[in-house]
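Undergrad: In the UniProt record's numbering, the protein residues as written are 1 to 277.
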């Protein structure tokens with residue numbers, strides 16, 4: 001057993017001492033979805049700090065705990081607060097929660113985040129379904145000895161974001177009359193916002209939005225055999241696009257305003273997934 005997998009198993013064994021609840025869908029809450037728990041029937045909560053060797057979020061607005069329970073009839077594990085590479089954690093630490101949720105039984109991962117808009121056709125307040133990603137500006141979470149218990153050494157990344165789940169998101173957005181953009185997400189390391197020149201570069205490379213999370217988690221989930229989908233909330237236009245200076249407070253404020261619509265979109269998506277389970 002590899003050391004990385006030993007950490008996953010240690011987390012698994014602790015969680016199983018707290019609850020035997022087995023989730024089918026995992027959800028990572030980004031900015032603007034911090035209060036999503038009110039939509040759940042919660043069966044158990046596990047603070048990250050209680051799990052042996054587990055990373056703990058240090059960012060304001062990111063609580064640190066797993067929530068186990070139901071959205072409708074769908075058994076869920078929800079990650080309320082994520083950890084980021086810019087907090088000083090290794091990539092192995094950053095994706096440990098994703099891998100643990102897979103070990104606990106989750107087969108589908110829904111990723112959410114707040115991002116900066118690069119595509120000039122987008123505007124602050126839009127939702128974007130992630131169709132692909134650029135992750136080469138941060139270290140791969142698969143660097144180092146391969147965790148053979150999870151997946152192969154050289155996993156294919158042609159369809160990181162599952163095509164069937166993408167279609168479900170389109171259907172739900174149309175039914176709920178929620179405007180939905182589609183595009184490519186690029187992960188930067190942070191914690192600083194990007195420079196205007198960097199944003200121009202990302203745009204030339206094909207990115208539509210930029211953020212400081214998500215892509216690494218998608219790679220780890222894909223490596224472990226999970227089906228992945230992602231929805232990014234465009235909380236602001238990226239540096240140099242609007243001419244305004246960027247602040248985390250602005251990101252959080254805009255995300256909070258759109259939270260009810262974001263929650264509606266995520267809840268209906270989960271229900272749509274549950275109908276075919």
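Just so you know, even glycine gets a beta-carbon here, dropped at the ideal spot from N, CA and C. All values derive from a computational prediction rather than experimental measurement.
Shortest alpha-carbon distance to residue 272 belongs to which of 220, 167, 248 and 236?
TA: Per the Cα distances, 167.
Undergrad: Buried or exposed: where does residue 205 fall if 16 or more other Cβ atoms within 10 Å of its Cβ makes it buried?
TA: Answer is exposed; the Cβ neighbour count stays below 16.
Undergrad: Select from 229, 251 and 230 the residue whose C-alpha is nearest the C-alpha of residue 239.
TA: Selected option, being the one with the closest Cα: 251.
Undergrad: Could you check whether residue 55 and residue 23 sit closer than 8 Å to each other, using their CB atoms as the reference points?
TA: In this structure, residue 55 does not lie closer than 8 Å to residue 23 by Cβ.
Undergrad: Taking residue 142 as the reference, which of 215, 105, 115 and 163 has the closest Cα?
TA: It is 215 whose Cα lies nearest to the Cα of residue 142.
Undergrad: Over what stretch of residues does the beta strand (DSSP E) that includes residue 181 continue unbroken?
TA: First-last of the beta strand (DSSP E) with residue 181: 180 to 187.
Undergrad: Starting from residue 242, follow its DSSP beta bridges and name the residues at the other end.
TA: According to DSSP, which records beta bridges pairwise, residue 242 is partnered with nothing at all.
Undergrad: Would you tell me roughly how many angstroms separate the C-alpha atoms of residue 172 and residue 115, rounded to the nearest one?
TA: Roughly 21 Å between the two C-alpha positions.
Undergrad: Report yes or no: do the stretch 154 to 162 and the stretch 254 to 264 share at least 3 C-beta pairs separated by less than 8 Å?
TA: Judged by Cβ distances under 8 Å, the stretch 154 to 162 makes no contact with the stretch 254 to 264, as fewer than three pairs qualify.
Undergrad: Just the Cα atoms here: how many angstroms apart are residue 64 and residue 244?
TA: Distance between the alpha carbons of residue 64 and residue 244: 31 Å.
Undergrad: Apply the 10 Å Cβ neighbour rule to residue 4 and answer buried if 16 or more other Cβ atoms are within range, or exposed otherwise.
TA: Under this definition residue 4 is a buried residue.
Undergrad: Can you check whether the CB of residue 19 is closer than 8 Å to the CB of residue 44?
TA: Yes; because the gap between Cβ atoms is below 8 Å, this pair is in contact.
Undergrad: Let's test the definition: count the other Cβ atoms within 10 Å of the Cβ of residue 222 and tell me whether it reaches 16, buried, or not, exposed.
TA: Looking at its Cβ environment, which holds 16 or more other Cβ atoms inside 10 Å, residue 222 is buried.
Undergrad: How big is the Cα-Cα spacing for residue 235 and residue 119?
TA: About 13 Å.
Undergrad: Can you grab the Cα-Cα spacing for the pair residue 248 / residue 145, in whole Å?
TA: Taking the straight line joining both Cα atoms gives about 36 Å.
Undergrad: Within 10 angstroms of its Cβ, does residue 108 collect 16 or more other Cβ (buried), or is it exposed?
TA: Classification for residue 108: buried.
Undergrad: Between the Cα of residue 124 and the Cα atoms of 79, 246 and 274, which residue gives the shortest distance?
TA: The shortest Cα separation from residue 124 among 79, 246 and 274 belongs to 246.
Undergrad: I believe residue 225 touches residue 151 by the beta-carbon criterion, under 8 Å. Please report the beta-carbon distance rounded to the nearest angstrom.
TA: With 8 Å as the limit, residue 225 and residue 151 qualify as a contact, their Cβ atoms being about 6 Å apart.
Undergrad: DSSP puts residue 228 in a beta bridge; with which residues?
TA: 109.
Undergrad: Pick helix, strand or coil for residue 150, following the three-state DSSP scheme.
TA: Residue 150: coil per DSSP, three-state reduction.
Undergrad: If you draw a straight line from the C-alpha of residue 188 to the C-alpha of residue 200, how long is it?
TA: The straight-line gap from Cα to Cα measures roughly 14 Å.
Undergrad: Does DSSP put residue 123 in a helix, a strand or coil?
TA: Residue state, collapsed to three classes: coil.
Undergrad: Can you tell me the Cα-Cα spacing of residue 113 and residue 11, whole angstroms?
TA: Distance between the alpha carbons of residue 113 and residue 11: 25 Å.
Undergrad: Name the DSSP beta bridge partners of residue 132, please?
TA: Answer is 184.
Undergrad: Which first and last residues belong to the beta strand (DSSP E) in which residue 42 is found?
TA: Residue 42 -> beta strand (DSSP E) spans 41 to 47.
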